[in-house]
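Presented below is the structure to which this report refers.
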Amino acid sequence: ADEILTKLDEPKSLLDNKLERISLAIKMGSVKKLGEILNLLNQVDSLVAVQPPEDKNTYDILTRKSYFYDDLGRYEEAISDTKKALDLAKQIGEIDRIVSAYNNLAISYTKTGDFESAIDAISQVTTNDSLSKYGAASYNNLGDIYKQMGDDQHALFNYQKSIDTYLQKYKY
Numbered sequence: 002a003d004e005i006l007t008k009l010d011e012p013k014s015l016l017d018n019k020l021e022r023i024s025l026a027i028k029m030g031s032v033k034k035l036g037e038i039l040n041l042l043n044q045v046d047s048l049v050a051v052q053p054p055e056d057k058n059t060y061d062i063l064t065r066k067s068y069f070y071d072d073l074g075r076y077e078e079a080i081s082d083t084k085k086a087l088d089l090a091k092q093i094g095e096i097d098r099i100v101s102a103y104n105n106l107a108i109s110y111t112k113t114g115d116f117e118s119a120i121d122a123i124s125q126v127t128t129n130d131s132l133s134k135y136g137a138a139s140y141n142n143l144g145d146i147y148k149q150m151g152d153d154q155h156a157l158f159n160y161q162k163s164i165d166t167y168l169q170k171y172k173y
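For the sequence shown, this note's numbering assigns the number 2 to the initial residue and increments by one for each residue that follows.
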């Protein structure tokens, strides 16, 4: 494992290098590496802090970081980074990233059992006319949330809405 991590010290952006090290440590499933993973994530925070806020890479970095936290079961940190990524996506005005961030928020909230917040996050996409046409995945995620809540009727409704939205977007 250390040999693989050492090979990552080849020239790359410092952020990419840190994120790759985290990814490998998680994939190796080494519990004793948890401290190293959290240390690397903190270092990434320091590097993100000096990036220009309008830099699209900052969104991607925050999103990847939130996935790492999610994989570690640290959902509050995942939610925090996803909210930061959402704010950046709104500043940049990229609809796909806004929709993705709301979906990621809903997934993390669902994992914490906070279904109300999960539904609120998804509703930001499904009830907004400028975002809802991108919302096929959002309706699907909403269906998943309702299914986990045991509400099969709302789950089926949203799964069908997901299919309808997809077909409408691609004009089938």
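Using N, Cα and C, we set each Cβ at its ideal position, and we do this for glycine too.
Inset, instruction - Report back the beta-carbon spacing between N104 and A138 to the nearest angstrom; my notes put them in contact at under 8 Å. - result: Indeed, because the Cβ distance is near 6 Å, the residues count as touching under 8 Å.
Inset, instruction - Would you please state the rounded distance, in angstroms, between the beta carbons of K66 and D82? I believe it to be under 8 Å. - result: 5 Å between Cβ atoms; contact.
Legend entry - As assigned by DSSP and simplified to three states, the class of R98: Note: R98 maps to helix in three-state DSSP.
Inset, instruction - Tell me whether K91 sits in a helix, a strand or coil according to DSSP, three-state version. - result: Looking at K91 - three-state DSSP - the assignment turns out to be helix.
Legend entry - Integer Cβ distance of L106 from A122, believed to fall under 8 Å: For a cut-off of 8 Å, the C-beta gap from L106 to A122 is around 4 Å, short enough to register as a contact.
Legend entry - Length of the line joining the Cα atoms of K91 and I99: Distance between the alpha carbons of K91 and I99: 6 Å.
Inset, instruction - Return the residue from the list K84, Q169, I164, E95 that minimises the CA-CA distance to S186. - result: With the chain covering 2 to 173 only, the question about residue 186 has no answer from this structure.
Inset, instruction - Would you mind reading off the limits of the alpha helix (DSSP H) that contains Y160? - result: Segment 153-170, the alpha helix (DSSP H) holding Y160.
Inset, instruction - Just the C-alpha distance for E95 and D152, rounded to the nearest angstrom, thanks. - result: Here the alpha carbon of E95 sits roughly 33 Å from the alpha carbon of D152.
Legend entry - Neighbourhood of Y70 by C-beta, 6 Å cutoff - its chain only, sequence neighbours within 5 removed: Here the set comprises E78, A79.
Inset, instruction - Assign G136 to buried or exposed, taking buried as 16 or more other Cβ atoms, counted over all protein chains shown, within 10 Å of its Cβ. - result: Counting of Cβ neighbours within 10 angstroms places G136 among the buried residues, the total reaching 16 or more.
Inset, instruction - For the alpha helix (DSSP H) holding D61, just list the boundary residues, first then last. - result: Per DSSP, the unbroken alpha helix (DSSP H) holding D61 starts and ends at 57-72.
Legend entry - 6 Å CB neighbourhood of T64 in its chain, flanking five on each side removed: The residues are A86.
Inset, instruction - Would you identify the three-state DSSP class for G144, choosing helix, strand or coil? - result: Residue state, collapsed to three classes: helix.
Inset, instruction - Starting from the Cα of S101, find the closest Cα among D115, S118, E117, Q125 and give me that residue. - result: With distances taken between Cα atoms, S101 lies closest to Q125.
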